[in-house]
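Numbering (my numbering), first residue to last: 95 to 388. What follows is a set of notes on a single structure, which appears directly below.
Printed below as a string of structure tokens:
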């Protein structure tokens with residue numbers, strides 16, 4: 095049975111983390127997941143959440159209303175977008191006065207918000223809807239012999255009063271998805287700590303320090319690489335790895351890869367098909383190990 099979702103990439107993926115979208119568009123159809131492009135979507139409003147509540151709610155509700163007009167549930171690739179849209183859904187469900195205000199604004203665009211579409215993250219869809227068994231059936235290159243750190247990221251877990259993607263204290267879905275490919279993905283003490291992305295603009299040195307703490311812990315615990323699902327976390331660990339080394343005098347060489355990328359690799363897709371040529375961390379050794387298991 096095929097699944098259909100409206101794809102909501104989010105700003106950081108459309109402007110920086112292109113590899114995530116490339117991999118999603120090429121891998122998901124092979125798992126019988128159809129992606130519908132949502133026309134005229136915008137920012138999820140997350141950057142405005144603490145500055146202008148009404149504007150944030152308008153942006154979030156507008157995107158959900160566009161999905162409703164297309165009669166599809168939403169697939170988020172970005173953790174922050176996932177939080178923003180779900181937080182808006184909860185608030186508008188609980189506050190009818192706000193809902194009325196938002197719909198008055200949306201009416202000018204021929205849209206109406208009812209909150210009907212579900213907002214799911216890619217990892218929820220892969221784990222809960224596609225399922226571990228189907229993923230196992232599609233694997234061509236098993237990741238036997240690899241030990242990979244699963245890094246879920248804050249906004250897919252917290253606040254737990256809003257976010258229900260996984261257990262906030264004991265997340266396991268990403269670990270199970272990685273292990274479905276044949277790799278080991280044990281828990282580690284630092285896995286719930288922040289990647290530092292939230293500090294990158296106001297306190298760049300602090301953000302890089304947070305990320306370096308994570309990267310050093312993952313290396314010291316003997317992992318072959320780290321698997322991400324959040325574009326902000328991926329940016330800190332992958333795109334900023336060279337800057338971290340230069341700024342803090344380190345020599346970290348850790349492969350960082352999106353789950354959807356390593357899934358595609360295990361399914362036999364090329365590096366171009368999964369956008370791996372855009373990753374900035376040293377993924378060559380990881381690729382060689384995967385291909386060696388064919």
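Positions of the beta carbon are idealized from the N, C-alpha and C atoms, including for glycine.
For this session: Grab the span of the beta strand (DSSP E) containing residue 322 for me, first residue to last.
Result: 319-322
Exercise. Are the region 369-384 and the region 252-265 in contact at 8 angstroms, needing three or more beta carbon pairs?
Worked result: no
Exercise. Roughly how many angstroms lie between the CA atoms of residue 291 and residue 319, to the nearest whole one?
Worked result: 19 angstroms
Exercise. Residue 226 by DSSP, collapsed to three states: which one?
Worked result: helix
For this session: Drop a sphere of 10 angstroms on the beta-carbon of residue 174, count the other beta-carbons inside from all chains shown, and report buried for 16 or more, exposed for fewer.
Result: buried
Exercise. Using 9 angstroms as the limit for Cβ to Cβ distance, is residue 214 near chain D?
Worked result: In the displayed structure, chain D is absent; only one protein chain is listed.
Exercise. Leaving out the 5 sequence neighbours to the left and right, which residues in its chain are closer than 7 angstroms to residue 385 when beta-carbon positions are compared?
Worked result: 235
For this session: May I have the straight-line CA-CA distance separating residue 194 from residue 181, to the nearest angstrom?
Result: 17 angstroms
Problem set entry | Assigned secondary structure, residue 159 (DSSP; H/G/I helix, E/B strand, else coil) | helix
For this session: Could you tell me whether the region 264-277 touches the region 295-303, where touching means 3 or more Cβ pairs closer than 8 angstroms?
Result: no
Exercise. What is the DSSP secondary structure of residue 337, counted as helix, strand or coil?
Worked result: helix
Problem set entry | Cβ distance (whole Å) where residue 274 is taken to contact residue 229 below 8 angstroms | 5 angstroms
For this session: For the beta strand (DSSP E) containing residue 100, list its first residue and its last residue.
Result: 97-102
Exercise. Is residue 190 buried or exposed, if buried means 16 or more other CB atoms sit within 10 Å of its CB?
Worked result: exposed
For this session: Have a look at 369, 143 and 135 and flag the residue whose alpha-carbon is nearest the alpha-carbon of residue 100.
Result: 135
Exercise. Which runs of the alpha helix (DSSP H) fall wholly inside the region 247-288 and span at least 4 residues, in chain order?
Worked result: 267-273
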